[in-house]
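Structure, as structure tokens:
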Amino acid sequence: LVLNDFRRLYVIRCAMATSRAMGSRTNLLKKPKGVMCGDCKVRLQGIPQLRPKEYSRISRREKTVTRAYGGSRCAKCVRQRIVRAFLVEEQKIVKKVLKAQGQAQKA
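So the sequence shown is residues 13 to 119, counted in our numbering.
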């Protein structure tokens, strides 16, 4: 093997976790990456980094955060969504008021 092959094997080995199997054989398991925010792709705080099978073994309370968009969006993105929705509603109200004022001036 050339040096590049050894380097590639080292990188693969570092990205894996080992577990003991029967007959003193070691198995390579992918290390868990954790849950990411759907908008900004940042790891979510307060949620453990586990393999998918292990998520099925823990309770719902441990998989989520008690907030709107708890287990899928980070707090910063949730705040942005709320502010954006508020501003859209405000814009609709302003449009309606301006339309009413324009009709009042015509009459």
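Using N, Cα and C, we set each Cβ at its ideal position, and we do this for glycine too.
Backbone secondary structure at residue i - three-state DSSP
i: A33; result: coil
i: R73; result: helix
i: L41; result: strand
i: R55; result: strand
Sub-8 Å separation of residue i and residue j beta-carbons
i: K43; j: A33; result: no
i: C86; j: L56; result: yes
i: I105; j: G83; result: no
i: Y81; j: K75; result: no
Minimum C-alpha distance to residue i - residue among the options
i: C52; options: S71, L40, D17 and R91; result: R91
i: L40; options: C49, G50, V23 and V54; result: V23
i: R79; options: G46, P64 and C89; result: C89
i: G50; options: Q113, D17, R93 and P64; result: R93
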